[in-house]
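Peer 1: Below: one structure in structure tokens.
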């Protein structure tokens, strides 16, 4: 089959790779019908995630059809249409028992496209299938469902829930890429007084307005002052960092009010300065996190009911074999206007899936 393979910083290719096989009785093999590219994949290509070894198929989000399952899989069977979660969960370790699947110590966590071959291929092996794939309702289309594999649960759990967004809050979202836009959408579920989006790209700020931001600010034009003006000098109740660079994190810590929350969602490849000389006296809570995906079933129900405008985030679609072009478009988002790119939906050549 074909897959998108990481060969080291700045090196990757859509190429022939071995067909996946069931290795453990808890595995499932999924034929990939739709897949997307994450900002984390761009961090991997830059060398920011050194755990990813050259030769790894990238990707951790997909929708597809089960073609084979191991003998211990009970919740899905061949022919089922499923969402492949970005997080795999053994279901037995301490963290899985607490629904903290992202911290799984039983061989799960974020492993797809990280520690094992991922989803940007024609087929993928998914470990711990009973907890790591979700049967899809027919009302949710593939290009909508694939956004629930990562960006929506990540924004909701790591940004909105960790940030303790409450009714009447002022919420600032720094970074209006896909994660930041999903944070705006899910923050609105809690009826904040206002949401302010901060970004460098005018197209992304316009998307933020369209998806529910009450005010927007160019990151080069003193967004701190805008937040101060809107809050009588107090600062935002919740600031969500959705970029992953030192400057954006430090901006977040300057915009938060005393007693407020900074929820870091961005993937950082470089150190950021924590200005404790200013923050120690302000009772500020700073959270970090890898998504656990415990909210995925809830978000799926909301999507099926038409309560999540997922389709508005998809700006580009490609056949699966145009992966390299899709990466280029996604990486040059400031020029192309890309938010989320979705690949797939074309006929597949059937491959023989070897027995375990």
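In our numbering, the protein residues as written are 1242 to 1597. Note that CB positions come from ideal geometry on N, CA and C, so glycine has one too. Note that the coordinates shown come from a computational prediction; the quantities given were computed from them, not determined experimentally.
According to DSSP, is residue 1581 helix, strand or coil?
Peer 2: Reduced to three states, the DSSP call for residue 1581 is strand.
Peer 1: Since residue 1391 contacts residue 1334 with CB under 8 Å, what's their CB separation in whole angstroms?
Peer 2: Not a contact, Cβ separation roughly 21 Å.
Peer 1: Going by DSSP, what residues sit across from residue 1353 in a beta bridge?
Peer 2: According to DSSP, which records beta bridges pairwise, residue 1353 is partnered with 1357.
Peer 1: Using a threshold of 7 Å, state whether the C-beta atoms of residue 1546 and residue 1385 are closer than that.
Peer 2: Their beta carbons are not under 7 Å apart, which means residue 1546 does not touch residue 1385 by this criterion.
Peer 1: Would you check if the segment 1315-1332 and the segment 1360-1372 touch, i.e. whether three or more CB-CB distances between them fall below 8 Å?
Peer 2: Result yes; three or more Cβ-Cβ pairs closer than 8 Å.
Peer 1: Between the beta-carbon of residue 1436 and the beta-carbon of residue 1458, is there less than 7 Å?
Peer 2: No, they are not a contact pair.
Peer 1: Are the beta-carbon atoms of residue 1485 and residue 1507 separated by less than 7 Å?
Peer 2: Against a cut-off of 7 Å, the Cβ pair of residue 1507 and residue 1485 comes out as a contact.
Peer 1: Classify residue 1423 as buried or exposed, calling it buried when 16 or more other Cβ atoms lie within 10 Å of its own Cβ.
Peer 2: Per the 10 Å Cβ criterion, buried.
Peer 1: I think residue 1360 touches residue 1300, with their Cβ atoms under 8 Å apart; what is that distance to the nearest whole Å?
Peer 2: Confirmed, Cβ separation roughly 4 Å.
Peer 1: In whole angstroms, what separates the C-alpha of residue 1257 from that of residue 1493?
Peer 2: Between residue 1257 and residue 1493, the C-alpha separation is close to 43 Å.
Peer 1: Going by CA-CA distance only, name the one from 1284, 1263, 1266, 1463 that's closest to residue 1568.
Peer 2: Nearest C-alpha to residue 1568: 1284.
Peer 1: CB-CB under 6 Å to residue 1306, same chain, minus the five flanking residues each way: which ones, in chain order?
Peer 2: Correct list, in chain order: 1272, 1322.
Peer 1: Just tell me which of 1275, 1536, 1539, 1298 has its CA closest to the CA of residue 1559.
Peer 2: Checked all of 1275, 1536, 1539, 1298; the closest Cα to residue 1559 is 1275.
Peer 1: Is it buried or exposed, residue 1243, if we count other Cβ atoms within 10 angstroms and call 16 or more buried?
Peer 2: Flag for residue 1243 reads buried.
Peer 1: For the segment 1539-1577, which segments carrying the alpha helix (DSSP H) assignment without a break, of at least 4 residues, lie completely within its bounds, in sequence order?
Peer 2: Complete alpha helix (DSSP H) runs here, min 4: 1564-1572, 1574-1577.
Peer 1: In the DSSP assignment, the alpha helix (DSSP H) including residue 1284 goes from what residue to what residue?
Peer 2: Note, residue 1284: alpha helix (DSSP H), 1280-1287.
Peer 1: Find the nearest neighbour of residue 1411 within the set 1473, 1383, 1381, judged by alpha-carbon distance.
Peer 2: Of the listed residues, the one whose Cα sits closest to residue 1411 is 1473.
Peer 1: Measuring alpha carbon to alpha carbon, tell me which residue in 1522, 1319, 1429 is nearest residue 1409.
Peer 2: Among 1522, 1319, 1429, the Cα nearest to that of residue 1409 belongs to 1429.
Peer 1: Assuming contact is defined by CB atoms lying nearer than 7 Å, are residue 1362 and residue 1310 in contact in what I supplied?
Peer 2: Contact: no.
Peer 1: Tell me residue 1270's beta-bridge partners as DSSP assigns them.
Peer 2: Answer by DSSP bridge pairing, in chain order: 1309, 1366.
Peer 1: Apply the 10 Å Cβ neighbour rule to residue 1398 and answer buried if 16 or more other Cβ atoms are within range, or exposed otherwise.
Peer 2: Buried, since its Cβ has 16 or more Cβ neighbours within 10 Å.
Peer 1: By DSSP's criteria, residue 1249 is part of a beta bridge. Which residues make up the other side?
Peer 2: Residue 1249 is bridged to 1252.
Peer 1: Please say whether residue 1440 and residue 1413 have beta carbons closer to each other than 7 Å?
Peer 2: In this structure, residue 1440 does not lie closer than 7 Å to residue 1413 by Cβ.
Peer 1: For residue 1588 and residue 1420, what's the separation of their Cα atoms in angstroms?
Peer 2: Annotation note: pLDDT 43 at residue 1588 (below 50); position unreliable, no value reported.
Peer 1: Just to confirm the assignment, what range does the alpha helix (DSSP H) spanning residue 1421 have?
Peer 2: Per DSSP, residue 1421 belongs to the alpha helix (DSSP H) from 1419-1428.
Peer 1: Is the beta carbon of residue 1255 less than 7 Å from the beta carbon of residue 1247?
Peer 2: No.
Peer 1: Measuring CA to CA, which of 1320, 1570, 1345 is closest to residue 1377?
Peer 2: Among 1320, 1570, 1345, the Cα nearest to that of residue 1377 belongs to 1320.
Peer 1: Taking the Cβ atom as the reference point for each residue, do residue 1462 and residue 1496 lie within a distance shorter than 7 Å?
Peer 2: No, they are not a contact pair.
Peer 1: Helix, strand or coil for residue 1499, going by three-state DSSP, please let me know.
Peer 2: Residue 1499: strand per DSSP, three-state reduction.
Peer 1: For residue 1371, name the three-state secondary structure that DSSP assigns.
Peer 2: Three-state result, residue 1371: helix.
Peer 1: Rounded to the nearest angstrom, what separates residue 1318 and residue 1366 at their Cα positions?
Peer 2: Cα-Cα distance, rounded: 14 Å.
Peer 1: With a floor of 3 residues, list each beta strand (DSSP E) that falls wholly inside the segment 1381-1467, ordered by position along the chain.
Peer 2: Runs found: 1411-1415, 1435-1440, 1456-1459.
Peer 1: Could you tell me the alpha carbon to alpha carbon distance between residue 1431 and residue 1448, rounded to whole angstroms?
Peer 2: Computed Cα separation, rounded: 20 Å.
Peer 1: Taking 8 Å as the limit between beta carbons, can you name the residues of its chain near residue 1579, skipping five residues before and five after?
Peer 2: If we look at residue 1579 and ignore the five residues flanking it on each side, its Cβ neighbours are 1556, 1557, 1570, 1571, 1573.
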